[in-house]
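**Q** Residue numbers (our numbering), protein chains in the order written: chain Z, 14 to 591; chain H, 3 to 176.
The C-beta atom is built at its ideal place from N, Cα and C for all residues, glycine as well.
Predicted model only: the values in this text are computed from it and were never measured.
Encoded as structure tokens, here's the structure I'll be asking about.
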Amino acid sequence: MPTGAEILVESLIKQGVEVIFGYPGGVVLPLYDVLYDAPIRHVLVRHEQAAVHAADAYARVTGKVGVALVTSGPGATNAVTGLANAHMDSVPVVVLTGQVPTTILGCDSFQEADITGISLPVTKHSYLVRQAAEIPRVTAEAFHIAATGRPGPVLVDLPKNALTEKLNTVPRGEINLPGYKPPRGPGHPLQIGRAVAAIREAKRPLVYAGGGVVAGNAGQDLLALAEKLRLPVTATLMGLGGFPGTHQLFLGMLGMHGTRVANMAVMEADLIIAVGARFDDRVTGRVDRFAPRARIVHIDLDPAEIGKNVRVDIPIVGEAGLVLAALREAGTPGETGEWLATLARWKEELPLGYQREEGVIKPQEVIEEIYRLTKGRAVVVTDVGQHQMWTAQYYTFQEPRTLVTSGGLGTMGFGLPAAVGAQVGRPDKTVVLVTGDGSVQMTLQELATVAQEGLPVKIAVINNGYLGMVRQWQQLFYGRHYSSVNLRLNTVGVKRAVGAEDLPTVEGELIVPDFLKLADAYGLRGLRASRPEEVKAVLQKGMNLPGAVLMDFLVAREENVYPMVPAGAALDEILIGD
Amino acid sequence: MRQTLVVLVENSPGVLARVAGLFSRRGFNIESLAVGVTEDPGISRMTILVDGDDAQVEQVEKQLHKLINVLKVSNLSREPAVQRELALIKVGAEPGVRAAIIQIAGVFRAKVVDVGKRTLTMEITGDSDKVEALLQLLREYGIRELARTGCIAMVRGGKVANSGKSEKGDGEDS
């Protein structure tokens, strides 16, 4: 007679699960007992938040559902940030949480937390299993819901007694979801017809591609459409890689730190074709001045996104790839020659750029060098902050699923565990983590997971000793009050910290932590560059060494991310430099 | 503008929290909420009165559609509908004013369901305006206690909001 735990593992295998990112604890012991010799790889993380981020990144790079497993109470609450992150970026993950036995549920029992209640706003759906007999159906439904329609995280809460209960007969896991009918297909023919006409009439069209192009595997269809109808393309952070970055029709990223040509194109366009994008405030800037001259076609799988933030003239609810293919089939190019020539000129005249400086590493040059060395073929994972925006700007993404970044929630600490998940999902690829000295310290413990799993992740810490993006805002909008953003030790700190005299020094301040010693402590190779001429050599060495390498780049401390559209400003109110 | 939403949901634990959460998360106040089982014991019917402009309420409707346990969402503000609620009102009724109160109840077709030494309890059924109008008149006698069910509603004529299992998710792109 199989137990609930055995039935669950059987159900996971049936779903094609090959790897689980997890952390054991009291009430999930029955499940870990079965996993001991199950044909599923278990990656032991060092904190439950990391389990969900890793599963999230695994899902992003493979297109499969990522699975995380944590215990009840603190295990489950630690997973909440991971759920929120996956929810905001529409990533299919299934998070299994242990729960106290139903006999003491609701009694404030040891390690009890109402995780289905806590996670309601940050999950696509959730289940509280009551009996072992529900497990096959709930598992099948959880994977189905996570992966279909607009993807998202599903939580399955598993009381211990449901895992230990023995069943004589195991029910078949038949999906029964009468209320769940995600839209499918190429959209309404009437709206396709209207969009085709709008494209034909447009003189200044622009495709605005979001994460839905990547998640919906619609990159090829977008390329074919843009080439046939001669449409220029801009992408959101989440959309990078959905269209080849070196293509002449590509204008780069739009929005707060977008390229000037992309943002000017939005302001001048007479037709915007948004696909798999949700008009986020970081993209639109001041929303009532977004695309003031344009009619808007909005293609999305989620009807609730249509008209949520901006008025939409032609709504198309459907699967991105199928809709784009339908538009290509029926579409004919408009007279866009003049517009494309103008955009090409702007692209030439207004490139991204930064000032190089004698003796100081500029963070942008590190990213450019990573791009050159990996030839744009790596999977690049980022954390959140300045380094993330520089990566978006200076690494030219060519293929879908090669950028893994926390777009919607902006989760500092996402990077390192995400690099774990990305490398587990794509062992054939070079995985480069670009992180900051602030972000990486939020989930630093995952260096142990990297070491234990033998993952050859290349970690580049863009180390400016600041919470750089916050410092940039303080410089620009808070009168240079650098309030609580300096991560280095000043002279007062030196006197207080025992052993601080051993720390590396830059400009009279002590760097903490010493990332080379940290790398040592975790059994990883550590390299450091503090001068521009060392950047290439360090990166080359780091990429060529077998195994994980942590590369510490001591960069210009007060470099800013430009261009920048201040929060609440329109896309033509742009700051271009200090 | 006040709008009336009728939501058919699977009758399972946690559904009410999911629906209520959608409103509170967007800063909407639910003016009234009535829940009861339908002729299919597996399906419950919620009637929700909410105050918001058309765009806000439309967004809430779309978000409700996305909930896995929601089978159908209808906005009855856009069509002729019967709306009813029931209220129990315990009103101060000294012997000298009792007859006057009973007379008011009669005009509103409210039913006196309990008589105490110094109170009368009556039930009234009607749309919210009617209940409000009665309360207005009774206030001068002192309302000791008030219990309202919240509004329930149904479209007039042959159209039904039942099952809806095949309707959800179709044709939403127009």
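Could you list which residues in chain H have their beta carbon closer than 9 Å to that of Z:Ile158, in chain order?
**A** One-based indexing of the first sequence puts residue 158 of chain Z at position 145. Going along chain H in sequence order, the residues near Z:Ile158 (Cβ under 9 Å) are Ile70.
**Q** Under 8 Å Cβ-Cβ, which residues of chain Z neighbour H:Ala19?
**A** Numbered from 1 along the second sequence, position 17 holds the residue referred to as residue 19 of chain H. Within chain Z, the residues near H:Ala19 are Gly130, Leu133.
**Q** Between Z:Ala569 and Z:Lys375, how many whole angstroms is the CB-CB distance? I'm expecting something under 8 Å.
**A** Your numbering for residue 569 of chain Z matches position 556 in the first sequence. Your numbering for residue 375 of chain Z matches position 362 in the first sequence. The Cβ separation is near 6 Å, so the contact holds.
**Q** Between Z:Phe263 and the ligand ADP, is the CB less than 7 Å from at least one heavy atom?
**A** Only the bare structure without any ligand can be found here, which leaves the ligand ADP out of the picture.
**Q** Closer than 8 Å, Cβ to any Cβ of chain Z: which residues of the region 15-46 of chain H, in chain order?
**A** Those residues of the region 15-46 of chain H that come within reach of chain Z (Cβ to Cβ, closer than 8 Å) are Pro15, Gly16, Ala19, Arg20, Gly23, Arg27.
**Q** Using CA coordinates, which residue listed in H:Asn13, H:Ile50, H:Arg27 is at the minimum distance from H:Met156?
**A** For the purposes of this step, residue 156 of chain H is identified with residue 154 of the second sequence, where counting begins at 1. Here the closest residue by C-alpha is H:Ile50.
**Q** What are the boundary residues of the beta strand (DSSP E) that includes Z:Pro330?
**A** The residue given as residue 330 of chain Z occupies position 317 in the first sequence. Reading the sequence as shown, one finds Val at residue 330 of chain Z and not Pro. From DSSP, the beta strand (DSSP E) with Z:Val330 extends over 327-330.
**Q** For Z:Met577, which beta-bridge partners are listed by DSSP?
**A** Reading the first sequence from its first residue, position 564 is the one you call residue 577 of chain Z. According to DSSP, which records beta bridges pairwise, Z:Met577 is partnered with Z:Leu588.
**Q** Give me the Cα-Cα distance between Z:His270 and Z:His400, rounded to the nearest whole angstrom.
**A** Indexing the first sequence from 1 puts residue 270 of chain Z at position 257. Indexing the first sequence from 1 puts residue 400 of chain Z at position 387. Each residue's Cα considered, the two are about 12 Å apart.
**Q** Which residue wins for smallest C-alpha separation from H:Leu74, given the options H:Val93, H:Ser46, H:Val84, H:Met3?
**A** As a working note, residue 74 of chain H is residue 72 in the second sequence. According to the sequence provided, residue 74 of chain H is Lys. The question's Leu does not apply to it. The option with the nearest alpha carbon to H:Lys74 is H:Ser46.
**Q** Could you tell me which chain H residues have their CB closer than 8 Å to the CB of Z:Ala317, listed as they occur along the chain?
**A** On the first sequence, position 304 is the one that residue 317 of chain Z refers to. Those within 8 Å of Z:Ala317 in chain H are Gln61, Lys64, Gln65, His67, Lys68.
**Q** Count the other CB atoms within 10 Å of the CB of Z:Tyr491; is the residue buried (16 or more) or exposed (fewer)?
**A** In the first sequence, the residue the question calls residue 491 of chain Z occupies position 478. Result: exposed.
**Q** Using 10 angstroms around the beta-carbon of Z:Val548, count the other beta-carbons present and answer buried if the total reaches 16, otherwise exposed.
**A** Counting from one through the first sequence, the residue named residue 548 of chain Z turns up at place 535. Buried, by the Cβ-count rule.
**Q** State yes or no: is the C-beta of Z:Ile26 within less than 8 Å of the C-beta of Z:Pro52?
**A** Looking up residue 26 of chain Z in the first sequence gives position 13. Looking up residue 52 of chain Z in the first sequence gives position 39. Yes, they are a contact pair.
**Q** Does any residue of chain H have a CB that is nearer than 8 Å to the CB of Z:His138?
**A** Numbered from its first residue, the first sequence carries residue 138 of chain Z at position 125. True, the Cβ-Cβ gap to chain H drops below 8 Å.
**Q** Would you mind working out which of Z:Glu522, Z:Phe303, Z:Leu567 sits nearest Z:Arg541, comparing C-alpha positions?
**A** For this step, residue 541 of chain Z is matched to residue 528 along the first sequence. Closest by alpha carbon: Z:Leu567.
**Q** Quick one, which of Z:Val47, Z:Glu31, Z:Val113, Z:Arg59 has its alpha-carbon nearest Z:Ala464's?
**A** Residue 464 of chain Z sits at position 451 when you count from the first residue of the first sequence. For Z:Ala464, the nearest C-alpha among the options comes from Z:Arg59.
**Q** Interface residues of chain H around Z:Ala321 at Cβ under 7 Å?
**A** On the first sequence, position 308 is the one that residue 321 of chain Z refers to. Sequence inspection shows Lys at residue 321 of chain Z; the Ala mentioned does not correspond to that position. Ordered by position in chain H, the residues that pass the 7 Å Cβ test against Z:Lys321 are Gln61.
**Q** Give me the subset of the region 222-234 of chain Z whose CB atoms are less than 9 Å from a CB atom of chain H, sorted by chain position.
**A** Per Cβ criterion, the list is empty.
**Q** Comparing alpha-carbon positions, which option in Z:Ser103, Z:Asp170, Z:Asp102 lies nearest Z:Ile131?
**A** Here residue 131 of chain Z corresponds to residue number 118 of the first sequence, with the count starting at 1. Comparing Cα positions, the closest option is Z:Asp170.
**Q** Would you mind giving the Cβ-Cβ distance between Z:Leu314 and Z:Pro196, rounded to the nearest angstrom? I have them listed as a contact below 8 Å.
**A** To locate residue 314 of chain Z, count along the first sequence from 1; it is residue 301. To locate residue 196 of chain Z, count along the first sequence from 1; it is residue 183. Between Z:Pro196 and Z:Leu314 the Cβ distance is about 6 Å, and since that is below 8 Å, they are a contact.
**Q** Check distances from the C-beta atoms of the region 184-211 of chain Z to those of chain H and list, in chain order, the residues that come in under 8 Å.
**A** Residues passing the 8 Å Cβ filter: Leu190, Pro191, Gly192, Tyr193, Lys194, Pro195, Pro196, Gly200, His201, Leu203, Gln204.
**Q** Just the Cα atoms here: how many angstroms apart are Z:Glu281 and Z:Ile587?
**A** In the first sequence, counting from the first residue as 1, residue 281 of chain Z sits at position 268. In the first sequence, counting from the first residue as 1, residue 587 of chain Z sits at position 574. Near 15 Å, if we compare the C-alpha coordinates of Z:Ile587 and Z:Glu281.
**Q** Who are Z:Gln401's beta bridge partners in DSSP?
**A** As a position in the first sequence, residue 401 of chain Z is number 388, starting the count at 1. For Z:Gln401, which the question treats as bridged, DSSP gives no partner whatsoever.
**Q** Using a threshold of 8 Å, state whether the C-beta atoms of Z:Lys321 and H:Gln61 are closer than that.
**A** If you number the first sequence from 1, residue 321 of chain Z lands on position 308. If you number the second sequence from 1, residue 61 of chain H lands on position 59. For Z:Lys321 and H:Gln61, yes; Cβs fall inside 8 Å.
**Q** Would you say the region 77-88 of chain H touches the region 112-122 of chain H, given that touching needs at least three Cβ pairs under 8 Å?
**A** Contact between the region 77-88 of chain H and the region 112-122 of chain H is absent, because fewer than three Cβ pairs lie under 8 Å.
**Q** Please report the distance separating the alpha-carbon of Z:Leu529 from that of Z:Asn476.
**A** In the first sequence, counting from the first residue as 1, residue 529 of chain Z sits at position 516. In the first sequence, counting from the first residue as 1, residue 476 of chain Z sits at position 463. About 12 Å.
**Q** With a Cβ-Cβ cutoff of 8 Å, do Z:Val80 and Z:Ala89 count as a contact?
**A** Position 67 of the first sequence, counted from the start, is the residue given in the question as residue 80 of chain Z. Position 76 of the first sequence, counted from the start, is the residue given in the question as residue 89 of chain Z. Not a contact, by the Cβ cut-off of 8 Å.
**Q** In terms of residues, what are the limits of the alpha helix (DSSP H) holding Z:Glu61?
**A** As a working mapping, residue 61 of chain Z is identified with position 48 in the first sequence. Run containing Z:Glu61: 61-75, per the alpha helix (DSSP H) assignment.
**Q** Suppose the cutoff is 7 Å on Cβ atoms and the five residues either side in sequence are ignored; what does the same chain contact list for H:Gly94 look like?
**A** Here residue 94 of chain H corresponds to residue number 92 of the second sequence, with the count starting at 1. Cβ neighbours of H:Gly94 beyond the five flanking positions: Arg120, Thr121, Tyr143, Gly144, Arg146.
**Q** Distance cutoff 8 Å, beta carbons only. Does H:Glu142 sit that close to anything in chain Z?
**A** Taking the first residue of the second sequence as 1, we reach residue 142 of chain H at position 140. For H:Glu142, the answer is no, since every Cβ of chain Z falls outside 8 Å of its Cβ.
**Q** Looking only at its own chain, which residues have a Cβ that is under 6 Å from the Cβ of Z:Leu284, when we skip the five neighbours before and after it?
**A** Numbered from its first residue, the first sequence carries residue 284 of chain Z at position 271. Counting only Cβ-Cβ distances below 6 Å, and skipping sequence neighbours, we find Ala211, Ala215, Pro218, Ala307, Arg308.
**Q** Quick check: is the beta carbon of H:Leu51 nearer than 8 Å to any beta carbon in chain Z?
**A** Along the second sequence, read from residue 1 onward, the residue named residue 51 of chain H stands at position 49. No, its Cβ sits nowhere closer than 8 Å to a Cβ of chain Z.
**Q** Which of the three DSSP states, helix, strand or coil, is assigned to H:His67?
**A** Your numbering for residue 67 of chain H matches position 65 in the second sequence. Helix at H:His67.
**Q** Do Z:Gln124 and Z:Gly35 have their CB atoms nearer than 8 Å?
**A** By one-based count along the first sequence, residue 124 of chain Z stands at place 111. By one-based count along the first sequence, residue 35 of chain Z stands at place 22. Their beta carbons are not under 8 Å apart, which means Z:Gln124 does not touch Z:Gly35 by this criterion.
**Q** Which chain Z residues sit within Cβ distance under 8 Å of H:Leu73?
**A** As a first step, residue 73 of chain H is located in the second sequence; it is residue number 71 there, counting from the start. Neighbours of H:Leu73 on chain Z, chain order: Pro191, Gly192.
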